[in-house]
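Notes follow the structure.
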Amino acid sequence: MNSGDALTLELPKITRSTLALYAGASGDHNPVHIDSDACTAVGIPDVFAHGMLSMAYLARLLTNYVAQERIRSYSVRFSAITPVNSTPSCTGTVVKVENGLAHLDLTVTLPDGTVTLQGSAVVTAN
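Given below as structure tokens:
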């Protein structure tokens, strides 16, 4: 990895089926992710993706480029929801490489430019 290297991962549309499957796999059955009526009852227009689903996709971006055992740290901050039927994309940029470690900035973005997740990672450079 070299400073300036770019990583990308295009994702499929986040459907209701995606959310139901993730809820089952993760055990997170919070109604805001799977029940439209529960959402409208509390003033939310529709269901939205689990934040941890976006975090998992961002981790997939990393593991598409480096083996899991090379990841030394990974952290994120959630900044917006991912609405159902949106198609987010994941990107990463190597911001520096020093002492055998590559430092990356990571982002999940919706097609309209909304950033839903920002993070960073440190991986072994080779």
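When the letters of the sequence shown are read in order and numbered with the numbering used here, they come out as residues 177 to 302. We put the CB at the ideal spot given by N, CA and C, even for glycine.
Looking only at its own chain, which residues have a Cβ that is under 7 angstroms from the Cβ of residue i, when we skip the five neighbours before and after it?
| i | result |
| --- | --- |
| G227 | F254 |
| S212 | D222, V223 |
| V242 | V299 |
| T216 | none |
I'd like to confirm the pairing. Which residues does DSSP put opposite residue i in its beta bridges?
| i | result |
| --- | --- |
| P259 | F224 |
| C215 | Answer is none; C215 lacks a bridge partner. |
| Q294 | R253, T283 |
| G268 | L183, L282 |
| E274 | L277 |
| I247 | V299 |
Leaving out five residues on either side along the sequence, give the residues of the same chain with a beta carbon under 6 angstroms from the beta carbon of residue i.
| i | result |
| --- | --- |
| A278 | M177, V270, V299, A301 |
| A182 | T269 |
| L229 | Y198 |
| K272 | S179, H279 |
| G200 | none |
| H205 | A199 |
What is the DSSP secondary structure of residue i, reduced to helix, strand or coil?
| i | result |
| --- | --- |
| T300 | strand |
| D208 | Per the sequence shown, the amino acid found at residue 208 is Val instead of Asp. Three-state result, V208: helix. |
| N178 | coil |
| T194 | helix |
With 16 as the cutoff for other CB atoms within 10 Å, does residue i come out buried or exposed?
| i | result |
| --- | --- |
| A235 | buried |
| A225 | buried |
| A232 | exposed |
| V291 | exposed |
| G295 | buried |
| V258 | It should be pointed out that residue 258 corresponds to Thr in this sequence rather than to Val. Classification of T258: buried, given that the 10 Å Cβ count is 16 or more. |
Tell me which residues share the same chain as residue i and place their Cβ nearer than 8 angstroms to its Cβ, disregarding the 5 neighbours each side in the sequence.
| i | result |
| --- | --- |
| K189 | N261, S262, T263 |
| L237 | L183, T184, L185, C266, T267, G268, L282 |
| L187 | Y233, T263, P264, S265, C266 |
| G276 | T300, A301, N302 |
| A196 | I210 |
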